[in-house]
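The opening position of the sequence shown corresponds to residue 6 in the numbering used here, with each subsequent residue numbered one higher. Have a look at the structure below before the remarks.
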Amino acid sequence: MTTPLTVTTSHDTEGAVTLKVAGEIDMTNSDSFAAAIDDAPGRLVVDLSGVEYMDSAGLSVLFIHADRIEVIVPELLAPVVAFSGLSAMTTVHGRRTSSGSGQEQ
6 MTTPLTVTTS
16 HDTEGAVTLK
26 VAGEIDMTNS
36 DSFAAAIDDA
46 PGRLVVDLSG
56 VEYMDSAGLS
66 VLFIHADRIE
76 VIVPELLAPV
86 VAFSGLSAMT
96 TVHGRRTSSG
106 SGQEQ
């Protein structure tokens, strides 16, 4: 049984691409998560604010694409991302507030 995962793509006025991810990322759906990143052109922001759970399969996808992504993480995932060392490989921000600002992790 595949865990529910939603990935939506948006572009800002300058053409920057953001993938907004919601649900859970695990071994049952990490291939579709990776495909969504692969399908997005150039550098992109991966917004994990809506993610409630992410296992090592999800982390591995982020590591594979670390050279072309920035990541926004909710408080729930911040310790996992920090401990994994991902922030040494790419820019990691805290969840964005309604004003658009965020705390860098």
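Positions of the beta carbon are idealized from the N, C-alpha and C atoms, including for glycine.
- Distance between Gly47 and Met6, taken at the CA atoms: about 32 Å.
- Per DSSP, Ala71 is not a residue of any alpha helix (DSSP H), being assigned neither H nor E.
- Straight across, the Cα-Cα distance linking Asn34 with Met59 is about 11 Å.
- Burial is judged here by how many other beta carbons sit within 10 angstroms of a residue's own beta carbon; Gly90 has fewer than 16 and is exposed.
- Between Val22 and Ala40, the C-beta spacing is not below 9 Å.
- Taking a C-beta distance under 9 Å as the contact criterion, Thr8 and Asp31 qualify as a contact pair.
- Collapsing the DSSP output to three states places Ala27 in a strand.
- Gly28 and Val78 have their C-alpha atoms spaced approximately 13 Å apart.
- Less than 9 Å separates the beta-carbon of His98 from that of Val76.
- When DSSP states are grouped into helix, strand and coil, Gly55 belongs to the strand group.
- Residues Ala21, Val22, Thr23, Leu24, Ile42, Arg73, Ile74 and Glu75 of the same chain have their beta carbon placed closer than 8 Å to that of Leu49, with the five preceding and five following residues left out of the count.
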